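K.L.:
So the sequence shown is numbered by my numbering: it starts at -4 and just counts up by one.
First the structure, which I've put down as structure tokens, then a few questions once you've had a look.
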Amino acid sequence: MMLSGPMSAMRPGFGDEKSITLMAAAGFDAIDYTFNEMYMRENVWNQANWREYAIKLVRKANECKICFNQAHAPFLFNWEKNGEMENWILPTIKHSFECAASLGIPHMIVHPIHHIKYKGNEKYLWDWNMEYYKELISVAKNTGVQIALENMLQLDEKRGCIVPDVFAKPQEYVAFYDALASDEIIACVDIGHSGPTGEDPVELLKILGSRVRAIHVHDNCFRNDDHFLPYMGKIDWEAVTKTLADIDYKGDFTFEVTNFLKHYYPEPLISSALKFEHDVGRYLISRIEAYKR
-4 MMLSGPMSAM RPGFGDEKSI TLMAAAGFDA IDYTFNEMYM RENVWNQANW REYAIKLVRK
56 ANECKICFNQ AHAPFLFNWE KNGEMENWIL PTIKHSFECA ASLGIPHMIV HPIHHIKYKG
116 NEKYLWDWNM EYYKELISVA KNTGVQIALE NMLQLDEKRG CIVPDVFAKP QEYVAFYDAL
176 ASDEIIACVD IGHSGPTGED PVELLKILGS RVRAIHVHDN CFRNDDHFLP YMGKIDWEAV
236 TKTLADIDYK GDFTFEVTNF LKHYYPEPLI SSALKFEHDV GRYLISRIEA YKR
């Protein structure tokens, strides 16, 4: 099982090429490449020379004996701006599939449309997202980059707490995935997103079962989307690893511990933090493998 970590936690402090070097030196097998900044028109992936940039990153990764196993499509857009969806958001997300393909990435997390309140709009968001993903399926097929769905959460700003969002409920996630019925779609379970919405990550994994082809691994205290390193919060990691073994999970072990790494940007510390993250990851992988035996 490959051990991977997110580029998004590293890029602000070190840039892409240095981040690749640091993650490889820490012992990671792969990198989850995040296209978050593509919402900005001046981002390198939106420029005419984006292919040259991709070649440079692949060359660096090859030198370091590391690969890109997964990606995140951009999502930090102004979704409510009039005309933005058809004129900027959708074309940019479609372009991110080409970018992912240029890095040899097999699948990419594409967040559902969820910028409006979920409660009371469940049917509307279901229909909108069904149309949205169906439009992207042809792009996935043409680029060879599969679409990974993800269970989401929202902030109730009045109460200041996390509430359920699109795909947070296991039954809805399964029903939507099955309704799409496409080989271009896989399920990613964000283990950390479950608890704060009132769901159990173990139950979500069990219910999705063999549909789960990717995971986001991070911890929290079941109140906020903390993105901590495992064992810093309240998730039962022994139960999680056992369940991953029980469903015969065959995907990669991909961290999303952005709020752990961002505190250790001085270079001597980031190397130590990455090594510790790596060691935690290898231990958790060993627990999955032990339960499979």
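Glycine is no exception: its CB is placed at the ideal position from the N, C-alpha and C atoms.
On a predicted model such as this, the values are computed, not experimentally measured, just so you know.
Output yes or no for whether 8 Å exceeds the beta carbon distance between H102 and A49.
P.N.:
The residue given as residue 102 occupies position 107 in the sequence shown. The residue given as residue 49 occupies position 54 in the sequence shown. Contact: no.
K.L.:
Beta-carbon separation of A68 and I88 under 8 Å?
P.N.:
Start at 1 with the first residue of the sequence shown, and residue 68 comes out as number 73. Start at 1 with the first residue of the sequence shown, and residue 88 comes out as number 93. Yes; because the gap between Cβ atoms is below 8 Å, this pair is in contact.
K.L.:
Out of curiosity, what's the CA-to-CA distance linking C94 and F63?
P.N.:
Translated into positions along the sequence shown, residue 94 becomes position 99. Translated into positions along the sequence shown, residue 63 becomes position 68. Rounded to whole angstroms, the separation of the alpha carbons of F63 and C94 is 12 Å.
K.L.:
Just reading off the beta strand (DSSP E) that I210 is part of, what are its end residues?
P.N.:
Within the sequence shown, residue 210 is the residue found at index 215, counting from 1. That run of the beta strand (DSSP E) goes V207 to H211.
K.L.:
Measure how close the beta-carbons of F248 and S3 come, nearest whole angstrom, since I'm counting them as under 8 Å.
P.N.:
In the sequence shown, residue 248 corresponds to position 253, counting from 1. In the sequence shown, residue 3 corresponds to position 8, counting from 1. Actually they do not touch by this definition, with Cβ atoms about 17 Å apart.
K.L.:
Taking the alpha-carbon of V140 as reference, which of L131, M147, N146 and L148 has the nearest alpha-carbon?
P.N.:
Along the sequence shown, read from residue 1 onward, the residue named residue 140 stands at position 145. For the residues L131, M147, N146 and L148, the minimum Cα distance to V140 belongs to L131.
K.L.:
What do you get for D220, buried or exposed, if any count of 16 or more other CB atoms within 10 angstroms of its CB means buried?
P.N.:
Mapped onto the sequence shown, residue 220 falls at position 225. The residue in question, D220, is buried, as its Cβ has 16 or more Cβ neighbours within 10 Å.
K.L.:
Would DSSP call E81 helix, strand or coil?
P.N.:
Here residue 81 refers to the residue found at position 86 when the sequence shown is read from its first residue. Of the three classes helix, strand and coil, the one that applies to E81 here is helix, per DSSP.
K.L.:
Taking contact to mean at least 3 C-beta pairs separated by less than 8 Å, is the region 9 to 16 in contact with the region 72 to 82?
P.N.:
no
K.L.:
Assuming H222 and G187 make a contact with CB atoms under 8 Å, what is their CB distance in whole Å?
P.N.:
For the purposes of this step, residue 222 is taken as the residue at position 227 of the sequence shown. For the purposes of this step, residue 187 is taken as the residue at position 192 of the sequence shown. Their Cβ separation, rounded to whole angstroms, is 6 Å, which keeps H222 and G187 in contact under 8 Å.
K.L.:
Nearest to V212 by alpha carbon, out of L239, K55, D178 and R218?
P.N.:
Translated into the one-based positions of the sequence shown, residue 212 becomes position 217. When only C-alpha atoms are compared, the closest one is L239.
K.L.:
Does the separation of the CB atoms of M147 and A135 fall below 8 Å?
P.N.:
Here residue 147 corresponds to residue number 152 of the sequence shown, with the count starting at 1. Here residue 135 corresponds to residue number 140 of the sequence shown, with the count starting at 1. Going by C-beta atoms, M147 is not nearer than 8 Å to A135.
K.L.:
Suppose the cutoff is 6 Å on Cβ atoms and the five residues either side in sequence are ignored; what does the same chain contact list for V105 look like?
P.N.:
Taking the sequence shown and counting its residues from 1, the one referred to as residue 105 is at position 110. Counting only Cβ-Cβ distances below 6 Å, and skipping sequence neighbours, we find A68 and I142.
K.L.:
How many angstroms separate the CA atom of E32 from the CA atom of T253?
P.N.:
Along the sequence shown, one-based indexing puts residue 32 at 37. Along the sequence shown, one-based indexing puts residue 253 at 258. Using only the alpha carbons, I get a separation of about 15 Å.
K.L.:
Tell me, please, whether the region 113 to 130 touches the region 49 to 58 by the rule of three or more beta-carbon pairs shorter than 8 Å.
P.N.:
no
K.L.:
Please state whether DSSP places M147 in a helix, a strand or coil.
P.N.:
Residue 147 sits at position 152 when you count from the first residue of the sequence shown. If DSSP states are grouped into helix, strand and coil, M147 belongs with coil.
K.L.:
Assuming contact is defined by CB atoms lying nearer than 8 Å, are Y172 and R206 in contact in what I supplied?
P.N.:
For the purposes of this step, residue 172 is taken as the residue at position 177 of the sequence shown. For the purposes of this step, residue 206 is taken as the residue at position 211 of the sequence shown. Cβ distance < 8 Å, so Y172 and R206 count as in contact.
K.L.:
Can you find the residues in the same chain that come closer than 7 Å, C-beta to C-beta, to P191, ignoring five residues on each side of it along the sequence?
P.N.:
On the sequence shown, position 196 is the one that residue 191 refers to. The residues are L148, I157, N215, F217, R218, N219 and D220.
K.L.:
Which residue marks the beginning of the alpha helix (DSSP H) containing Q166, and which one marks its end?
P.N.:
Translated into the one-based positions of the sequence shown, residue 166 becomes position 171. Its alpha helix (DSSP H) spans residues P165 to L175.
K.L.:
So, with DSSP's three-state summary, where would you put A4?
P.N.:
On the sequence shown, residue 4 is found 9 positions in, with the first residue counted as 1. Here A4 sits in helix by DSSP.
K.L.:
Report the option in G193, E233 and I181 whose CA atom is closest to the CA atom of I210.
P.N.:
Residue 210 sits at position 215 when you count from the first residue of the sequence shown. Ranking the options by Cα distance to I210, first place goes to I181.
K.L.:
Going residue by residue through the region 27 to 108, where are the continuous alpha helix (DSSP H) segments of at least 4 residues, counting only ones entirely within it?
P.N.:
Secondary structure remark: continuous alpha helix (DSSP H) runs of at least 4 residues inside the region 27 to 108, in chain order: 45 to 59 and 85 to 97.
K.L.:
Less than 8 Å between the CB atoms is what I'm expecting for M197 and A234, so what's the real figure, rounded?
P.N.:
Sequence index remark: in the sequence shown, residue 197 carries index 202 (1-based). Sequence index remark: in the sequence shown, residue 234 carries index 239 (1-based). Checking the sequence, you will find Val at residue 197 rather than Met. At roughly 5 Å, the Cβ-Cβ gap stays under 8 Å, so V197 and A234 are in contact.
K.L.:
Between which two residues does the beta strand (DSSP E) holding D185 run?
P.N.:
The sequence position of residue 185 within the sequence shown is 190, counting from 1. That run of the beta strand (DSSP E) goes I180 to D185.
K.L.:
Less than 8 Å between the beta carbons of L199 and P225, yes or no?
P.N.:
In the sequence shown, residue 199 corresponds to position 204, counting from 1. In the sequence shown, residue 225 corresponds to position 230, counting from 1. No; because the gap between Cβ atoms is not below 8 Å, this pair is not in contact.
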